[in-house]
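Sequential numbering of the sequence shown, starting at 117, is according to my numbering.
In this text, a Cβ means the ideal position worked out from N, Cα and C, and glycines have one as well.
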Amino acid sequence: MQPNANAPASKPSDGVLFVGIDLGTSHSAIAASNGVRKTVDSIVAYPRDVISMKALGKNKLFGADAWRNKHSCDVYRPMEKGDVSYKALDNALNRDAGKTKQAVRDLLEHVVKQADARPDDLIYGVIGAPAQASIHSQKDLIEAARGILDCVMICSEPFAVAYGLQFLTDTLVIDIGAGTTDLCRMHGSLPAPEDQRTVSAAGDAVDRKLFELMKEACPGASFTVNMLKQIKEKHAALARVDEPVKVTLPVKGVPTEFDITDAIKEAVESIVPEIVEGLHDLVGDYDPEFQAAMRDNVLLAGGGSQIIGLDRAIEKKLNQLGGGKVTKV
């Protein structure tokens with residue numbers, strides 16, 4: 117964790133609003149002490165020119181509104197890599213320096229507004245970060261929060277899961293997001309860096325694999341990664357399902373039905389080996405007296421945990437490494 121106090125003493129307040137924030141690759145969420153619970157898509161868009169500004173009537177858009185207008189805007193997924201690294205992301209996407217930094221700040225401000233704080237509230241926040249987010253990335257998040265939150269702390273996302281559910285000892289947490297999967301072992305105290313792992317086997321990796329498989333399974337069909345993401349979120353399963361997964365995609369403009377049951381299953385299955393390898397690393401260098409207890413107490417969390425049968429698939433793979441029990445939370 118990395119605390120930072122940015123509280124201006126002169127700000128009047130008759131209360132403090134506590135918020136927990138998850139800035140995710142795909143979705144961002146906020147939970148506040150006033151009972152508010154909100155989730156938004158992690159997308160920010162800016163009108164491309166004066167024409168688009170006139171047509172849209174605003175200088176920034178978020179979530180579904182941003183995606184609907186992507187052809188007239190510059191669109192950002194500021195947490196695209198599951199972490200904040202402004203310079204690296206701007207360079208990779210050939211953008212002007214600072215564009216991603218501004219998008220992160222705008223997204224955070226939009227998320228915090230969902231909490232419906234009173235005008236005179238101080239807002240104290242905890243922001244979830246990937247398990248192995250660099251110190252530089254954590255500082256970037258704190259800088260983005262300056263002026264938006266009055267006090268901010270950065271917290272490992274899988275640790276937050278374990279702490280919230282009170283699984284504090286002999287527990288392994290798998291938090292499957294869109295950009296990364298974060299792993300953490302809990303042993304009754306704050307996890308150290310060696311207690312955590314971050315791997316790229318996550319939702320976006322499934323989307324990319326599904327895209328490759330469907331190019332073969334659906335010859336001539338036109339589709340985008342975003343379309344496949346929606347298909348995956350609706351149909352993803354590793355367990356036996358009663359009906360095949362069939363989707364309709366355009367082939368030269370003509371709607372055509374395809375059976376993608378096997379493609380969905382193979383795409384989802386592709387992330388299991390890397391996740392289990394990370395678990396094996398965390399168990400393997402832990403106190404041998406407690407390894408069995410830890411293997412039998414694996415928590416599966418995050419958006420990816422909702423994939424039907426994924427918990428059993430990870431459990432089956434763990435059997436090759438001495439067994440284990442996975443519980444979806």
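Following the continuous alpha helix (DSSP H) through residue i, name the residue where it begins and the one where it ends.
i	result
Ile-167	166-172
Gly-280	273-281
Thr-216	215-229
Glu-310	Note, Glu-310: premise wrong, no alpha helix (DSSP H); not H, not E.
Measuring straight from C-alpha to C-alpha, what distance separates residue i and residue j?
i	j	result
Val-399	Met-410	7 Å
Arg-221	Glu-405	46 Å
Lys-362	Gly-369	18 Å
Thr-364	Lys-381	18 Å
Asn-185	Pro-163	9 Å
Leu-415	Ser-188	42 Å
Val-132	Leu-257	21 Å
Leu-205	Leu-139	Here the model assigns Leu-205 a pLDDT of 49, short of 50, so the residue's position is not dependable, and the following value carries that caveat. Whole-angstrom Cα-Cα distance: 16 Å.
Ser-149	Phe-134	5 Å
Ala-429	Asp-412	15 Å
Ile-137	Leu-281	17 Å
Thr-377	Arg-234	49 Å
Val-152	Val-268	19 Å
Ala-333	Gln-346	18 Å
His-226	Ala-182	13 Å
Gln-407	Thr-314	20 Å
Is residue i near the ligand SAM - that is, is its Cβ less than 6 Å away from at least one heavy atom of it?
i	result
Leu-299	Because no ligand of any kind appears in the structure shown, any question about the ligand SAM cannot be addressed here.
For residue i, which residues in the same chain have their Cβ closer than 6 Å to its Cβ, ignoring the five residues on either side in sequence?
i	result
Ser-386	Lys-325
Gln-436	none
Ile-423	Ala-352 and Val-384
Pro-366	Ser-338
Gly-66	Because the chain in this structure spans residues 117 to 445, residue 66 falls outside the shown range and cannot be described.
Gly-336	Val-367
Pro-230	The amino acid at residue 230 is misidentified as Pro; the sequence shows Gln. Here the set comprises Ile-146 and Lys-154.
Report the partner residues of residue i according to the DSSP bridge assignment.
i	result
Ser-144	Leu-139 and Val-156
Ala-424	In the sequence as presented, Ala is not what sits at residue 424; that position holds Ile. Answer is Ala-353.
Pro-163	Cys-189
Thr-340	DSSP output for Thr-340 lists no bridge partner at all.
Tyr-240	Phe-134 and Cys-267
Leu-329	According to DSSP, which records beta bridges pairwise, Leu-329 is partnered with nothing at all.
Lys-176	Lys-176 pairs with nothing; no bridge assigned.
So residue i and residue j are in contact, right, with Cβ under 8 Å, and what is the actual spacing, rounded?
i	j	result
Leu-265	Ile-292	Actually they are not in contact, since the Cβ atoms of Leu-265 and Ile-292 sit about 27 Å apart, beyond 8 Å.
Ala-317	Thr-297	5 Å
Leu-434	Val-392	6 Å
Gly-394	Gly-319	About 16 Å; that fails the 8 Å criterion.
Just curious, the beta strand (DSSP E) that residue i is in, first and last residue?
i	result
Glu-196	No beta strand (DSSP E) contains Glu-196, which DSSP labels as neither H nor E.
Please go through the same chain and pick out, in chain order, the residues whose beta-carbon is closer than 7 Å to the beta-carbon of residue i, but skip the five residues on each side of it.
i	result
Leu-344	Asp-323, Leu-326, Phe-327 and Met-330
Gly-179	Val-156, Asp-157 and Ile-159
Cys-300	Ala-247, Ser-272, Pro-274, Phe-275, Ala-278, Val-289, Pro-307, Asp-311 and Gln-312
Gly-439	Arg-411
Looking only at its own chain, which residues have a Cβ that is under 8 Å from the Cβ of residue i, when we skip the five neighbours before and after it?
i	result
Leu-354	Lys-381, Val-384, Glu-385, Ile-423, Ile-424, Gly-425, Leu-426, Arg-428 and Ala-429
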